[in-house]
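Structure record follows, encoded as structure tokens.
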Amino acid sequence: MAKATTPEQCLECARQRIAWHNSTWDTLGYGVWALRDGLSEGAPPGPVIGWCGLISTSHGPTPEILYGFSRPFWGGGLATEAASAMIEWAFDENICDEIDAVIFGPLNPGSSAVALKLGMTHSGTMRFDEFLPDQQLGRDVLDYEIWRLQDGVCLDFRSLLFQAPFKSGLLVSAGVADETDTLAALLAGAKQHPDRADVAEAEINAMVGDSFRRGLKECDLDVYHVSRTNWAAGRVSRI
-11 MAKATTPEQC LECARQRIAW HNSTWDTLGY GVWALRDGLS EGAPPGPVIG WCGLISTSHG
49 PTPEILYGFS RPFWGGGLAT EAASAMIEWA FDENICDEID AVIFGPLNPG SSAVALKLGM
109 THSGTMRFDE FLPDQQLGRD VLDYEIWRLQ DGVCLDFRSL LFQAPFKSGL LVSAGVADET
169 DTLAALLAGA KQHPDRADVA EAEINAMVGD SFRRGLKECD LDVYHVSRTN WAAGRVSRI
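Its first residue numbered -11, the sequence shown is counted upward by one per residue in this note's numbering.
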């Protein structure tokens, strides 16, 4: 997350994010749920494994659904289950009549698959510069991605060589920083990462450069949409 390059910054960022999500329950009547593993009536709560909920956005009146899980819980259908429950609750409680999902398709193909499983339809695209709330946040996120490419813990270095430069390209496409300077910082950082192992410098140059340029060009986000009417019509097929 933005400004999360030290443990102290991680904690402060998390506090701010959780406080913001919690506050919208009072101001808007909806927000984000914490999701726990093995929660059942009468049993002690299990550990938090992810989140799912609705947020308001600066780019339109329709709330946006978001969801995320800790890596050990990926691929088990929990995102679809949680998002379905949130949408059902929002429509049953008359929170809203429509819900959007805005997804970085190349970065999160799993989230795109979840949106389709939920019965959401691809309704269009949104430029990244319209999605980014403000330039300061963009600079903070860019600093984080450069740091992550140099020092951040990763499970798959080659995956990181795609993810961080692609996100950085998106941010530069929105005018957050200079293209040449950013690419140079990404290349220098990647070559210093402690987990680079046997990845040759030529491969790093190629992967970082290609991913960065792809982020610059593929700067449209996919927008998925579901309405109360469409959700009700598809309820039978989901049972």
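Virtual Cβ for every residue (Gly too), placed ideally from N, Cα, C.
Just so we're clear, the structure is a prediction, and the values are computed from it rather than from any experiment.
{"query": "Spatial distance of SER72 from LEU106 (CA atoms)", "result": "6 Å"}
{"query": "Top-ranked residue by Cα proximity to SER44, from ILE37, LEU54, VAL36 and GLY38", "result": "LEU54"}
{"query": "ILE43 (DSSP reduced to helix, strand or coil)", "result": "strand"}
{"query": "Element boundaries [beta strand (DSSP E), containing THR217]", "result": "Not the beta strand (DSSP E): THR217 falls in the alpha helix (DSSP H), residues 216 to 221."}
{"query": "Bridge partner(s) assigned by DSSP for ILE6", "result": "DSSP, once it has assigned bridges, lists no residue as partnering ILE6."}
{"query": "Nearest-angstrom Cα separation, counted from ASN82 out to LEU180", "result": "The amino acid occupying residue 180 in the given sequence is Gln; Leu does not appear at that position. Those two C-alpha atoms are separated by around 52 Å."}
{"query": "Counted within 10 angstroms of its Cβ, other Cβ atoms place LYS205 as buried (16 or more) or exposed", "result": "exposed"}
{"query": "Local conformation of ASP210 per DSSP, three classes", "result": "strand"}
{"query": "Residue interval of the alpha helix (DSSP H) (run including ARG148)", "result": "Residue 148 is actually Leu in this sequence, not Arg. Its alpha helix (DSSP H) spans residues 145 to 161."}
{"query": "For ILE87: DSSP bridge partner residues", "result": "VAL214"}
{"query": "Where the alpha helix (DSSP H) containing ALA67 begins and where it ends", "result": "66 to 80"}
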